[in-house]
Structures are given as structure tokens and as C-alpha cells.
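K.L.:
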Amino acid sequence: MNNIKIFACNTAEGFAQEICDNLGLPLGKKQSFKFKNDNNFVQFEESVREKDIYIIQTTEPPVNERVMELLITIEAAKRASAGRITVVLPYFIYSRSDKKDQPRVPVTAKLIAKLIETAGADRVITCDLHNSAIQAYFEINCDRLTANYLLVDYFKNKNLKDIVVVATDAGSSKKAYKYSNFLNCPMVLIDKRRADNNDNAVATNIIGDIEGKTALIFDDEISTGGTLVEAINICKKNGAKAVYAGATHGILVGDAIKKLKEAPVEEVVVTNTVPVEDEKRIDKIKVVSIAPLFAEAIKRINEGKPLGDLFMYEK
Numbered sequence: 663m664n665n666i667k668i669f670a671c672n673t674a675e676g677f678a679q680e681i682c683d684n685l686g687l688p689l690g691k692k693q694s695f696k697f698k699n700d701n702n703f704v705q706f707e708e709s710v711r712e713k714d715i716y717i718i719q720t721t722e723p724p725v726n727e728r729v730m731e732l733l734i735t736i737e738a739a740k741r742a743s744a745g746r747i748t749v750v751l752p753y754f755i756y757s758r759s760d761k762k763d764q765p766r767v768p769v770t771a772k773l774i775a776k777l778i779e780t781a782g783a784d785r786v787i788t789c790d791l792h793n794s795a796i797q798a799y800f801e802i803n804c805d806r807l808t809a810n811y812l813l814v815d816y817f818k819n820k821n822l823k824d825i826v827v828v829a830t831d832a833g834s835s836k837k838a839y840k841y842s843n844f845l846n847c848p849m850v851l852i853d854k855r856r857a858d859n860n861d862n863a864v865a866t867n868i869i870g871d872i873e874g875k876t877a878l879i880f881d882d883e884i885s886t887g888g889t890l891v892e893a894i895n896i897c898k899k900n901g902a903k904a905v906y907a908g909a910t911h912g913i914l915v916g917d918a919i920k921k922l923k924e925a926p927v928e929e930v931v932v933t934n935t936v937p938v939e940d941e942k943r944i945d946k947i948k949v950v951s952i953a954p955l956f957a958e959a960i961k962r963i964n965e966g967k968p969l970g971d972l973f974m975y976e977k
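In this note's numbering, the protein residues as written are 663 to 977.
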């Protein structure tokens, strides 16, 4: 690797340090704080002139604070004559506001993309977008990694028997079909209806044979847990002997932990794209690290090598 520096925004130090440990690099030095008037201040404490720099940010609440800190950090790097600025967003901010699906609403994911570009970023690395079309919101390069192989390997290593992959709704059937191919097992579909904006989902029926099977439910994220718990319950109602779940992003807001604790699920596996606080790490929650994948992506980008091999299960 050549001429590379990696920096963390305030809540991303743990993830960034893990990336640096994988690459054998020190974490870059910067300071970031707020003045008494609530304005943010960022300063790099080492030279970034003509360097290939990577700025890592998480979406730990308050999210809007994370956005502003990121934009100011990009601006500071630009003003300090960085050679190339790559923003690393393991979970893309406002990714669920990805389309105009109601009257008089914004497409906030596109706004975030434009803000990152305007601040001065040259590239973005993210993971398992809520909608892959978000990549097209950028005029700069946007590399989308995936946690598919991490989750598949985790469940393969458990040596579960009689497994079936469950699609939680029609929209997730394509993704579920991929997982069923990866695991060489059948797939079933849950008929689920969402009537409004309150994050409540109702599972009404199941299509396929799940009686006596071990059900695996995959999703891109777990937010309030409503969709997942409905799916878990209907799987058990229809005769599944055990239910496991896996998701890239463990948002786990509201009473998600309470719901999962009470749900008849054996284990819920998420990655650390979003920090999972200690109080959320109940026995059923398993967190696997995706930092090595991001480290490898950074290494390949710095060396001008393709990222295709990182999508081993997509081939």
C-alpha cells in the first residue's frame, strides 16, 4: 500500500481501528469537537497533502450529527490538499429514504449523496444498500460491498439440518433465492402486508413447505424488529422446528431488543456495520465483524486492484 491514511469520525474509532489493525497501519490523528455555540470543529493533526485518505463514519445516533461531522471532515481534508478522499460508510445514512413513494416527500438518500460529493469526496465505500439504485445517485464512484458471504459462512459452520430460507415478503424473494442457492436448500415465501408508515408489518400466510424444517431468515437490516418478529412467529406457527435470522445491519431501535428477546428465535446474527452497544448484546444477538472485508477493499482500491473477488458468492 502506498501513501495511505485512515481517519475515524468520533463514533467510528472502534471500526476504524479494526480496519487499521487488519492493514497493519496506525489510525490517523485528528481532533473533532463542538464549540459552546454547538458548531462542529475538525482538524487533522498530521499532514494529508497528496495522501490517499479514507474517512470512516458510522450512523450511531444522533444521525444528523454524524452527517454534519462527516461533511466537515471531508471539507477539512479537501482544504488540507488531500490527494484522494474516500468516504467509508458501512451503513449508508438515510438509505431507507431512497425513492419518492408518497406525495410531497424527499429522496433523502440522494440528498446525502449530493452533500458528500459537494463536500469534496472522490469515492464512497458502503455495504448492502437498502436499494442498490442508491449507487446511481452519485457522480463519483460508489463501491457497494456485501455481507452475504459472512452470513452464509456463519450458518454453514453451524451445520444446521433440514434448512429452508424464508423470504419475508415478495420484495425480498430475489435475495432469499440467492441465499437458498448459496446454501443449496429450498425457499419459502411469507405473504406480508404493510398498510402505513408506522413500521408495523402483518404476515398473513406462508407459501412453501416449512413443517419440521430449520428456517433461516435473511434481511439487509433489522430496525424495530417488527418485520422479523412477524416472520419468526409465522414460521413457528406453520411448523418450523427452529428459526435463525441474519442481517447485515443491526439497527435495533425502539423496543427491538425486547421483541427479539421474547420471540421464538434461536439466534439473530448481525455485522458491526452499525455499532451494537453492550446493553443490546443479549444472548440471542451474535455480532460478526465485517471490518476485514472493508480493510481488503481499501487495500485493493489503494493498489488499483479490482474488487470482484470480494463478491465470491455472487459469482
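For every residue, glycine included, the Cβ atom is placed at its ideal position computed from N, Cα and C.
Less than 7 Å between C-beta atoms, sequence neighbours within five positions excluded: which residues of the same chain meet that for residue 852?
P.N.:
If we look at residue 852 and ignore the five residues flanking it on each side, its Cβ neighbours are 828, 829, 830, 831, 865, 868, 893 and 896.
K.L.:
Where does residue 706 land, buried or exposed, given buried means 16+ other C-beta within 10 angstroms?
P.N.:
buried
K.L.:
Can you give me the C-alpha to C-alpha distance between residue 803 and residue 747, rounded to a whole angstrom?
P.N.:
Cα to Cα, the separation comes out at about 11 Å.
K.L.:
Check whether the segment 781-790 and the segment 836-852 touch, using three or more Cβ-Cβ pairs below 8 Å as the test.
P.N.:
Using a Cβ-Cβ distance cut-off of 8 Å, the segment 781-790 and the segment 836-852 are not in contact, since fewer than three pairs of beta carbons, one from each stretch, lie closer than that value.
K.L.:
What are the boundary residues of the alpha helix (DSSP H) that residue 835 is part of?
P.N.:
835-845
K.L.:
Alpha carbon to alpha carbon, what distance is there between residue 733 and residue 742?
P.N.:
14 Å
K.L.:
Within the same chain, show all residues whose beta-carbon is closer than 8 Å to that of residue 712, passing over the 5 residues directly before and after it, in chain order.
P.N.:
665, 743, 744 and 745
K.L.:
Measuring CA to CA, which of 782, 909, 736 and 726 is closest to residue 930?
P.N.:
Comparing Cα positions, the closest option is 909.
K.L.:
Pick out whichever of 776, 749 and 962 has its Cα sitting closest to the Cα of residue 663.
P.N.:
962
K.L.:
Starting from the C-beta of residue 847, find all residues in its chain whose C-beta is less than 7 Å away, skip the five residues before and the five after it, and write them out in chain order.
P.N.:
825, 826 and 827
K.L.:
Beta-carbon within less than 7 Å of residue 942's beta-carbon, same chain only, minus the 5 sequence neighbours each way: which residues are those?
P.N.:
914 and 919
K.L.:
Are residue 932 and residue 905 closer than 8 Å when you measure CB to CB?
P.N.:
no
K.L.:
Counting only the same chain and skipping the five closest in sequence on each side, list residues whose C-beta sits under 7 Å from that of residue 874.
P.N.:
824, 901 and 903
K.L.:
From what residue to what residue does the beta strand (DSSP E) around residue 877 run?
P.N.:
876-884
K.L.:
Going by DSSP, what residues sit across from residue 705 in a beta bridge?
P.N.:
693
K.L.:
I'd like to confirm the pairing. Which residues does DSSP put opposite residue 747 in its beta bridges?
P.N.:
715
K.L.:
Please look up how many angstroms separate the CB atoms of residue 668 and residue 690, rounded, as I've assumed it's under 8 Å.
P.N.:
About 6 Å separates the Cβ atoms of residue 668 and residue 690, confirming a contact at the 8 Å cut-off.
K.L.:
Determine the extent of the alpha helix (DSSP H) in which residue 738 is found, giving its start and end residues.
P.N.:
Its alpha helix (DSSP H) spans residues 725-741.
K.L.:
On the DSSP bridge list, what partners appear for residue 669?
P.N.:
Per DSSP, 717.
K.L.:
Tell whether a beta-carbon distance below 8 Å holds between residue 952 and residue 935.
P.N.:
yes
K.L.:
So, helix, strand or coil for residue 788, using DSSP?
P.N.:
DSSP places residue 788 in the strand class (E or B) of the three-state scheme.
K.L.:
Which of the three DSSP states, helix, strand or coil, is assigned to residue 967?
P.N.:
Under the three-state reduction of DSSP output, residue 967 falls in the coil class, being neither helix nor strand.
K.L.:
Count Cβ pairs between the segment 881-893 and the segment 922-929 that sit closer than 8 Å; are there 3 or more?
P.N.:
Counting Cβ pairs under 8 Å, three or more are found: they touch.
K.L.:
Out of curiosity, what's the CA-to-CA distance linking residue 779 and residue 785?
P.N.:
Cα to Cα, residue 779 sits roughly 8 Å from residue 785.
K.L.:
Compare the C-alpha of residue 912 against each of 937, 899 and 927 and name the closest.
P.N.:
The candidate whose alpha carbon is nearest that of residue 912 is 937.
K.L.:
Looking only at DSSP bridge pairs, what is residue 804 linked to?
P.N.:
Beta-bridge pairing links residue 804 to 786.
K.L.:
Within the continuous alpha helix (DSSP H) that includes residue 781, where are the two ends?
P.N.:
770-781
K.L.:
If we ignore side chains and look at the alpha-carbon of each, how far apart do residue 811 and residue 758 end up?
P.N.:
23 Å
K.L.:
Taking the alpha carbon of residue 801 as the reference point, which residue from 752, 672 and 777 has its own alpha carbon closest?
P.N.:
Per the C-alpha coordinates, the member of 752, 672 and 777 positioned closest to residue 801 is 777.
K.L.:
Where residue 815 and residue 699 are concerned, what is the direct C-alpha to C-alpha distance, given to the nearest angstrom?
P.N.:
49 Å
K.L.:
What do you get for residue 871, buried or exposed, if any count of 16 or more other CB atoms within 10 angstroms of its CB means buried?
P.N.:
Exposed is the call here.
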